[in-house]
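In my numbering, the protein residues as written are 57 to 347.
For every residue, glycine included, the Cβ atom is placed at its ideal position computed from N, Cα and C.
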């Protein structure tokens, strides 16, 4: 009797989920047309423009300037990730300990700049950090410096702008995990004689590791492809891979080499995901982003 009812149960399940599968068809078509097809076209062009060849990848490895740009890109992405972590972790820790209403209010303040154009926020920093900007005017007015400081068109300006723009991603990743940590565990540790630092180091910090890993992964990947802020606030020594790709397309019309650079950037992103999955697990990434 159970054997005879099994096919019927499978058929009922298929009928139940068929409407759900039909709802996925528009989404899958959208992804296929506007995501997978352009991505595949880019990969094909990197080995077929103007003819089937690996010359673009050979050029990437043969010319030291492009390897140096890759190194600078990784370096800036790493520094940006560390900067957002150092600034975002204390902020998220403080917000996670507040009442729900107050935390929501302050979190709104953190998120609001995210809805402003990156270009507008970058120009705002340029106004602040310019040689005649607000920061230098205050410093010279107080007599702290004799001449305006060079706060832009260098690595400092790039990192400051990128950390500011990407900080909300780190805070949101950390806050979603920290909010779910039971603070009674810290109080129990305090009652057993542990110092606040010890209870934080032994209990809270390990429990918040999924949020740290998720935030670092998200910020690092976004930093690898950042364009506007490095282009406006950096120098030639701070050129990132995205700027070289734009230059190859807009100036030299070398779509094949630009596609090869994009393919390398894609591979690095996938490797970052693979490393995260190996160390933490991608299921923790999505769990840490849930409320």
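- If you draw a straight line from the Cα of residue 272 to the Cα of residue 205, it is about 31 Å long.
- Taking a contact to require three or more Cβ pairs closer than 8 Å, the segment 309-327 and the segment 97-105 qualify as touching.
- Here the alpha carbons of residue 130 and residue 123 stand approximately 11 Å from one another.
- In the three-state DSSP reduction, residue 225 falls in the helix class (H, G or I).
- Shown here, residue 103 sits in coil according to DSSP, grouped into three states, outside any helix or strand.
- Under a 10 Å Cβ-count criterion, residue 97 is classified as exposed, with fewer than 16 other Cβ atoms of the shown protein chains found around its own Cβ.
- Separation of the CB atoms of residue 217 and residue 181 is rounded to 5 Å, and the pair is thereby assigned contact status at 8 Å.
- Residue 132 places its beta carbon less than 8 Å from that of residue 214.
- In the displayed model, residue 199 falls within coil according to three-state DSSP, outside both helix and strand.
- Annotation: residue 153 to residue 265 spans about 17 Å, alpha carbon to alpha carbon.
- In this structure, DSSP gives residue 237 a state outside helix and strand, which the three-state scheme calls coil.
- For residue 318, the uninterrupted alpha helix (DSSP H) run begins and ends at 311-335, by DSSP.
- When the Cα atoms are used, residue 209 and residue 285 turn out to be separated by approximately 10 Å.
- Between residue 234 and residue 149 the beta-carbon gap is near 6 Å, inside 8 Å, which marks them as a contact.
- In this structure, 270 is the residue among 290, 186, 270 and 288 with its C-alpha nearest to the C-alpha of residue 330.
- Under the 10 Å beta carbon count, residue 83 is surrounded by fewer than 16 other beta carbons and is classified as exposed.
- Contact annotation: the segment 221-230 touches the segment 250-269, with at least three C-beta pairs closer than 8 Å.
- For residue 167, the closest of 137, 225, 155 and 111 by C-alpha to C-alpha distance is 225.
- Scanning its chain for C-beta atoms nearer than 7 Å, with the 5 sequence neighbours on each side dropped, one finds around residue 263 the residues 237, in chain order.
- Distance from the Cα of residue 324 is smallest, within the candidate group 281, 186 and 175, for 281.
- Approximately 19 Å separates the beta-carbon atoms of residue 174 and residue 300; this is outside 8 Å, ruling out the contact.
- Cβ-Cβ distances below 7 Å link residue 191 to 184, 185 and 207 in the same chain, with the five nearest sequence neighbours on each side left out; the list follows chain order.
- Short of 8 Å from the beta carbon of residue 335, and not among the five residues preceding or following it, lie these beta carbons of its own chain, in chain order: 269.
- Restricting attention to 76, 188 and 177, the CA atom closest to the CA of residue 221 is found in 177.
- Pairing residue 279 with residue 172 gives a Cβ-Cβ distance that is not under 8 Å.
- By the CB criterion at 8 Å, residue 246 and residue 252 fall inside the cutoff.
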